[in-house]
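K.L.:
Residue numbers (our numbering): 714 to 1001. Just so it is clear, CB atoms sit at the ideal spot from N, CA and C, and this is done for glycine as well. These numbers come from a predicted model, not from an experiment. I'd like to ask you about the structure that follows.
This is how it looks when you write it as structure tokens:
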């Protein structure tokens, strides 16, 4: 099923009301996204990596070479969720999101289906909003999958119980679960900001590989800039600088200030990227 087929019934749906029509179109687009083999392969990798991290930590702990982080994970399986997010946010999760968002518009153009989509009554702005809503769903699903996989692996490989936070305070296991959920939601917000950037790149080209590569290169360059001492003044403005601020949930009281600033940065990137994508997409000449 192609995205052209997704919008084939747009005219009948219009009679059912804009909200209902948009919901059904989003459901169709999301179903298509989660049926594509390459997307399923990426989700499989996202599910497997936390398990591999857990096994590696278990082996390292058994060998007596455990460092501070490994010791925390080995002492409580719930911490594996935070460790997995921290390990996968620099590249693995951004790569998965970039593939989906970078392909959103450029993929349609490369397949020659974009102009057919634009003949549907949804309109360019609504179509772009639908594409981004689909990216948001994928971001949340990807981060949630990492969290759930890590929790299951942690339960299977390590003991569970009250969680000792980075500040030294111990909280009940249920509260630890809630904090893990907040970390997943924060990570999803960070990936949503990247998704908006990748979608903007996707409106600039008819080659999805170019949009994906531009997004990944931006992530890598931002991380390199962040570690150069002479460029420290740039760090607060780099998207990647705020991805790991979810560790604020591991403090008591919770570091809502830093996390709140991170969310504002994410929102800023999403708004600016979304505005650029809208301006570009609604004014471009579509020939494919």
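Do residue 917 and residue 848 have their beta-carbon atoms positioned less than 8 angstroms apart in this structure?
P.N.:
Not closer than 8 angstroms, so no.
K.L.:
Which same chain residues end up closer than 7 angstroms to residue 906 when comparing Cβ atoms and leaving out the 5 residues on each side of it in sequence?
P.N.:
Cβ neighbours of residue 906 beyond the five flanking positions: 952, 979, 982, 983.
K.L.:
Using a Cβ-Cβ cutoff of less than 6 angstroms, which residues in the same chain neighbour residue 897 once the five nearest sequence positions on both sides are dropped?
P.N.:
So the list reads 856, 857, 860, once near-sequence residues are dropped.
K.L.:
Quick one: does the C-beta of residue 917 sit closer than 7 angstroms to a heavy atom of the ligand MN?
P.N.:
Within the structure as shown, the ligand MN is missing, as the structure has no ligands at all.
K.L.:
Hey, could you find the ends of the alpha helix (DSSP H) residue 953 is sitting in?
P.N.:
Taken as a continuous stretch (DSSP letters only), residue 953 belongs to no alpha helix (DSSP H), as it is neither H nor E.
K.L.:
Run through the stretch 765-820 for me and flag every whole beta strand (DSSP E) of 3 or more residues, listed as ranges in chain order.
P.N.:
Segments of the beta strand (DSSP E) lying fully in the stretch 765-820: there are none.
K.L.:
Assign residue 975 to buried or exposed, taking buried as 16 or more other Cβ atoms, counted over all protein chains shown, within 10 Å of its Cβ.
P.N.:
Flag for residue 975 reads buried.
K.L.:
Contact check, residue 797 vs residue 863 under 8 angstroms by CB: the rounded distance?
P.N.:
At roughly 4 angstroms, the Cβ-Cβ gap stays under 8 angstroms, so residue 797 and residue 863 are in contact.
K.L.:
Can you confirm whether the stretch 949-965 touches the stretch 879-891 when touching is taken to mean that 3 or more C-beta pairs between the two stretches lie within less than 8 angstroms?
P.N.:
Yes, the stretch 879-891 touches the stretch 949-965.
K.L.:
Determine the closest residue to residue 746 out of 818, 932, 926, 865, with distance taken between C-alpha atoms.
P.N.:
Looking at the Cα atoms, 818 is the closest of the given residues.
K.L.:
May I have the straight-line CA-CA distance separating residue 744 from residue 883, to the nearest angstrom?
P.N.:
About 41 angstroms.
K.L.:
For residue 875, collect the residues of the same chain with a Cβ closer than 7 angstroms to its Cβ; drop the 5 residues on either side in sequence, then sort them by chain order.
P.N.:
Cβ within range, chain order: 883, 884, 885, 886.
K.L.:
Pull up the DSSP beta-bridge partners for residue 962, would you.
P.N.:
Paired residues: none, contrary to the question.
K.L.:
Do the CB positions of residue 799 and residue 920 come within less than 8 angstroms of each other?
P.N.:
Contact: no.
K.L.:
Leaving out the 5 sequence neighbours to the left and right, which residues in its chain are closer than 7 angstroms to residue 815 when beta-carbon positions are compared?
P.N.:
Contacts found: 911, 914, 915, 921, 924, 925, 928.
K.L.:
Pick out the complete alpha helix (DSSP H) segments inside the stretch 882-923, 4 residues or longer, and give them in chain order.
P.N.:
For the stretch 882-923, whole alpha helix (DSSP H) runs of length 4 or above, ordered along the chain, are 886-915.
K.L.:
By how many angstroms is the C-alpha of residue 966 removed from the C-alpha of residue 820?
P.N.:
Each residue's alpha carbon lies about 45 angstroms from the other.
K.L.:
Could you give the residue range of the alpha helix (DSSP H) that holds residue 967?
P.N.:
Element bounds for residue 967: n/a, residue is neither H nor E.
K.L.:
If you draw a straight line from the alpha carbon of residue 741 to that of residue 842, how long is it in whole angstroms?
P.N.:
In a straight line, the C-alpha of residue 741 is about 14 angstroms away from that of residue 842.
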